[in-house]
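Protein chains in written order, with this note's numbering: chain S, 13 to 298; chain Y, 27 to 388; chain B, 8 to 399; chain L, 3 to 254.
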């Protein structure tokens, strides 16, 4: 029982780190970036290449995945995304799907279509018993990293100067510009950060989720579910939504495997029927 | 007396204005061209029998049937998205329900004359999808675009799971086998070359298109545009906004169901692919690609998208996706409102160069 | 890159053929076309690549001339969607006038073309899809790959002999998965064992952990696994992560889960895993050694797996059938020619059952071992000439 | 004189802020009434409550003697209550003629038709054309609304409301943001409205208020501060203090 709860939390945490960047671009910048998963894929594949081809330690891969995905994010933001901020949501959907196609085909070309598997350092493998629950060391590792990230994220957005500038830029770009805030820079940085987190999520998830070229499309639905259930006005919303979905998914599949597939979708539809803005949405001023 | 004369006067003023309003519904030359090309594509298959060959087109009859069917599905999305402004990512659910309904009717109705009739099958497909559409329409009345996107997607995913689970009825993941389509109107059998399938799909698609065209040019259609334009104002002039949305959503589900039924009948099976997420996403993509809000957007989008895919995947079966992606990105970056937007921009450039014959046109 | 050139060249010719289709009918008599419908994009892409590579290797080794005819291979991507498979099949038959269809990554894809090939009388060579029922759906299906029950029954026998009293099965929820779990249950229970639970995971499933945990908590002697080869990697990672072996559970499965192409990247933790299958890249025969070496040479980063060898053998069957009919492309005659055909494949001896048009072959029990720094499925037991047990 | 619109102790609170504070208000038939008050006095909130865009926290609203407190925007509209918005709420992609036709169709229950062509009913089109001409929009009748000059858009905003043939019309700052040169057009239109329509004008601009209104209510901090005839209000020192004075200072 506790094992299931633990697995669910780990799964949820991973979902959170993967999707929080999307929450930022969607909620704060009002940009539907369906290609978010492509950045996660970049991080995942980078880990695969570094570990399997060059034998670099897994621990180096994590920051590398973050940085490379962030750089990739900032590059694409400057060259492509920034031209689309004032386009309609539909255009953004079309664009980001196009980007997914390109990323999928490109990864396929370079890395091949088959699943990539990484082998974690031995001390991250294995399990131990704790209070009757069987704890996987790696999942514990994931929980700890993701937990720290969440706290750091909350702090950055809620407490720092950058956070307040970001919120100002989002509330009203023109006013923020008038106040001397470099909105373009803030957006680029935010986008980079969101992409970096996705990349890190991809690196962390490379061994649990399967890394293949269809990754961005396969997981897009999950990211969107997290955002829809959690709402986009806070960071905590998607966080709790991820945990809820992770636990519900894992528990559902464990206890009633025959209908396991329904659970996540049903939860989402139910939540959206009763709380169309998401379960944890703050009521907005307007 | 005076009342009558006032009416006369307004009626006199109304003449040109009324014509002007109705002119939006007039068939234009390019519409005849569009459907003419579709018919010509079908007719060109007869060319070899007459002793000459038309390259490219005749070899693609199956592809063209598929384009028509996908175009019809996209048309159903355009009705909600382009006119009423409702985003949906779950049209695949209705498509799939239609496909399975038509498939089951053809399978179990085989031999039982009226049940196995393809046209009746389509009606059944449409009705089944329409009922589900009506039942779920209440979910799309609230919330933002994202909420609608996700709720409709959620419904589609649940339907997909149901199709997988109800193995005894649907055949599960392996798909519904043994669908035997009866001949259309008892005359034309579905042949290997896809002649019947093509003309049948063309006929049904045109019929649905014609219906939608009437609809969007009716007072009802304009009330949908009003809702899309400004729902608050629409309510303030006394419009039953929710009722209208429910009606159009249900209708759209009906048409999607008919499209699904067509696919099941012309391919003689139904599989979970027909409900799958990618079906919903592709069809939405086609509408946006073609340009929403013109009815032709979905059809053109489906045509260009599928021809492009077929063309590219012949050149590079493994990496065609890359080039499709590039096209999508370029389209968004440089064009407004899809392919139709591109055409309109081009024609406006042309009009700007050629001075109009009379000032009254502008 | 050599592979790119080959792809481009082949694609180019396929492309040209499509466009010229309408015009070339008269000239086409000297060319025999084979339509290979593979899934080259999407989640099943890896299986499509193997198939195409296997088929091309055969053509590279044996040339493209058979019985005076030139063989032309047309490769199409069906994206793993059944109505695409069907449309492509129909187009290949009607436009390209192919003599054979081949490929089919998943059962529904094969089933979707059944009405078309029956109507058109064109033989379709199944190179992957593994549900028993397929060949019964059209008299023009010939299978050179395998069926799941064919692999599973010997495994159940082996398990019963090796002290497995209770077992749990975890399979992907679709035709082949159901076949696997049912065949296993039936045979194991005939031998006095007991399958305590049959768990079915959705086909597209990113997270196996809860299913594995459930299996683990049931504490069976053995856990039978089946998922399609392209998803086997992540399943096996999680199997290792759950430490089922440590809990005293013997993990067994069909060869799909220790797919030769991916086995190396699964890591040493899978060493010792017992599977049953008809092909291993480590199969000890001169023919296989040559096959593996040349396959690897033509396709860097790939190791042939059971799908690759099926693509190879499929081409063999088609070549031989054409030889027997003296180049005539009458579909019924070609199917007749393939019935009862028997030959040595890189997998070992195989034949086509004249009654069912399904494959008869040896099924090996293998264990994952490390050899020359690579992981291989090393065969240590064999059941000869296994027929699919579900066919009448 | 009959009362067409009435509120009883109407209250609307947003969290801790009371935007409308126990307002009891009556509007007699044929009224030319203005609702004024300083910025943030809750004028727009009050109009939103009257028209049903917002639902009140407590209190009730009566339209032609019927309790409409729980009614939707649409139902009130159909019962004869029309309004304009402070910020234009138009259909940017349609033309003025189409816009007015949509409104008239709705009023005449002709919008349910799926098959009749839009604009086929000449009687309704005639009415629409007349209305558009009477509001000086004839020259732009077929232009895209989104491309119209702001003053024209404000006129159209009034035209839509009139198309419903309302018994009560709420005009929320009809001249706000309109350039000086186009103001007169709007004033003339408002002045020429038929007596059968009872009018409530929410305005900031005192010129407009005194030119047009017979009676005035002053709203301060969400509560009804004082009511009376235009002359009374103009003379009232309290009003000068809280409102007019401030205006003078602002304008100075």
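Ideal placement from N, C-alpha and C gives every residue a C-beta, glycine not left out.
Please list the terminal residues of the continuous alpha helix (DSSP H) segment that includes residue i.
i                      : result
residue 176 of chain Y : 171 to 191
residue 52 of chain L  : 45 to 53
residue 91 of chain S  : 70 to 91
residue 261 of chain S : 248 to 267
residue 327 of chain B : 313 to 331
Starting from residue i and walking both ways along the beta strand (DSSP E), at which residues does that stretch end?
i                      : result
residue 368 of chain B : 366 to 378
residue 35 of chain L  : 34 to 38
residue 350 of chain B : 349 to 352
residue 230 of chain L : 225 to 231
Assign residue i to one of three DSSP states: helix, strand, or coil.
i                      : result
residue 80 of chain B  : strand
residue 72 of chain B  : strand
residue 210 of chain S : helix
residue 128 of chain B : coil
residue 103 of chain S : helix
residue 13 of chain S  : coil
residue 304 of chain Y : helix
residue 252 of chain L : At residue 252 of chain L the pLDDT is 43, less than 50, meaning the model places this residue with poor confidence and gives no usable figure here.
residue 97 of chain S  : coil
residue 84 of chain Y  : Residue confidence is low: residue 84 of chain Y scores 48 on pLDDT, short of 50, so the model does not pin down where it sits. No coordinate-derived value is stated.
residue 138 of chain L : coil
residue 205 of chain B : strand
residue 53 of chain S  : helix
residue 139 of chain B : helix
residue 63 of chain L  : strand
residue 397 of chain B : coil
Considering only the beta carbon of each residue, do residue i and residue j sit closer than 7 Å?
i                      : j                      : result
residue 107 of chain S : residue 365 of chain Y : no
residue 46 of chain B  : residue 85 of chain B  : yes
residue 396 of chain Y : residue 115 of chain B : With chain Y covering only 27 through 388, there is no way to say anything about residue 396 of chain Y.
residue 2 of chain S   : residue 253 of chain S : With chain S running from 13 to 298 in the structure shown, residue 2 of chain S is simply not present.
residue 114 of chain Y : residue 178 of chain Y : yes
residue 266 of chain B : residue 239 of chain B : yes
residue 45 of chain L  : residue 37 of chain L  : yes
residue 52 of chain B  : residue 125 of chain S : yes
residue 228 of chain S : residue 53 of chain S  : yes
residue 139 of chain B : residue 154 of chain B : yes
residue 42 of chain B  : residue 105 of chain B : yes
residue 108 of chain B : residue 302 of chain B : no
residue 91 of chain Y  : residue 292 of chain Y : yes
residue 50 of chain B  : residue 226 of chain S : yes
residue 199 of chain L : residue 171 of chain L : yes
residue 196 of chain Y : residue 189 of chain Y : yes
residue 250 of chain Y : residue 284 of chain Y : no
Going by the C-beta, is residue i closer than 6 Å to any heavy atom of the ligand MN?
i                      : result
residue 374 of chain Y : Absent from the structure shown: the ligand MN. Ligands present: none.
Check the DSSP bridge columns for residue i and list the partner residues they point to.
i                      : result
residue 296 of chain B : Bridge partners of residue 296 of chain B: none, in fact.
residue 128 of chain S : S:223
Kindly list, in the order they appear in chain A, the residues whose Cβ is closer than 9 Å to that of residue i.
i                      : result
residue 144 of chain Y : Going by chain labels, chain A is absent from the structure shown, which instead holds the protein chains S, Y, B and L.
Could you tell me whether the stretch 121 to 134 of chain Y touches the stretch 153 to 163 of chain Y, where touching means 3 or more Cβ pairs closer than 8 Å?
-> yes
For the stretch 325 to 344 of chain Y and the stretch 109 to 119 of chain Y, state whether three or more C-beta atom pairs, one from each stretch, are separated by less than 8 Å.
-> no
Do three or more CB pairs link the stretch 160 to 178 of chain B to the stretch 388 to 395 of chain B at distances below 8 Å?
-> yes
Should the stretch 159 to 168 of chain Y be regarded as contacting the stretch 73 to 90 of chain B, the criterion being three or more beta carbon pairs within less than 8 Å?
-> no
If we count Cβ pairs, one from each stretch, closer than 8 Å, do we get three or more for the stretch 96 to 110 of chain L versus the stretch 260 to 279 of chain Y?
-> yes
Okay, do the stretch 75 to 83 of chain S and the stretch 202 to 222 of chain S touch, 3+ Cβ pairs below 8 Å being the bar?
-> yes
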